[in-house]
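**Student:** Per this note's numbering, residue 1 is the first one in the sequence shown, and the count goes up by one each step.
We put the beta carbon where it would ideally sit given N, CA and C, even for glycine.
Starting off with a structure, shown below.
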Amino acid sequence: RGPQPVRNSGMILATGTGSTAWIHAGLSLSDEDVEAVLFEAGIARDALEIRRIRESINRRHICDPGSAFMQFFLRDPLPTTASSTTTRRHGWVRRMQVQSRCRNGSITIDGMYSVPFNEGSIVRMEIAQDGGLDTLAFFQRAV
């Protein structure tokens, strides 16, 4: 799939290791979420069945730490000017390239390391050929 303009308040991209925290926290449904959807669909369920459904759905976002895929999650996606629909909010990728349109953007890695990511900056992310994430390397151009 080619480049797609996206407007949102942030993006989380996680390996299998990050799927149990960042992705899970961002995408997890509550019992109330499940109950509301079932109510709108006219389907009555008891509390135990609602909990079972919630747990089943939420487990889908957790993957093996050695997975060859990363998950992305767009926070607060908005319709782009090119269309009146919002972009897909969650998905699985082997690699991803993102170009910033932010004035004061940053990339935060594992909640600890922050790197400026201002307008025009490009980042490419992918899982290593062996399927594991061993090293993060940062390169900065000399000024």
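So the candidates are 29, 40 and 75; which of them puts its Cα closest to the Cα of residue 57?
**Tutor:** Closest option to residue 57, Cα to Cα, is 29.
**Student:** Leaving out five residues on either side along the sequence, give the residues of the same chain with a beta carbon under 8 Å from the beta carbon of residue 118.
**Tutor:** Cβ within range, chain order: 100, 102, 103, 104 and 105.
**Student:** Looking only at its own chain, which residues have a Cβ that is under 8 Å from the Cβ of residue 44, when we skip the five neighbours before and after it?
**Tutor:** Taken in chain order, the residues that qualify are 38.
**Student:** What's the gap between the Cα of residue 27 and the Cα of residue 92?
**Tutor:** Distance between the alpha carbons of residue 27 and residue 92 is about 14 Å.
**Student:** Would you identify the three-state DSSP class for residue 16, choosing helix, strand or coil?
**Tutor:** Correct three-state label for residue 16: coil.
**Student:** In the DSSP assignment, the alpha helix (DSSP H) including residue 24 goes from what residue to what residue?
**Tutor:** From DSSP, the alpha helix (DSSP H) with residue 24 extends over 22-27.
**Student:** Helix, strand or coil: which one does DSSP assign to residue 79?
**Tutor:** Reduced to three states, the DSSP call for residue 79 is coil.
**Student:** Taking the alpha carbon of residue 219 as the reference point, which residue from 96, 32 and 108 has its own alpha carbon closest?
**Tutor:** Residue 219 lies beyond the residue range present for the chain, which begins at 1 and ends at 143; the question has no answer from this structure.
**Student:** Taking C-beta to C-beta, are residue 62 and residue 24 nearer than 9 Å?
**Tutor:** Yes; because the gap between Cβ atoms is below 9 Å, this pair is in contact.
**Student:** Quick one: is residue 78 buried, meaning 16 or more other Cβ sit within 10 Å of its Cβ, or exposed?
**Tutor:** With fewer than 16 other Cβ atoms within 10 Å, it is exposed.
**Student:** Could you give the first and the last residue of the continuous alpha helix (DSSP H) run that contains residue 37?
**Tutor:** Run containing residue 37: 31-40, per the alpha helix (DSSP H) assignment.
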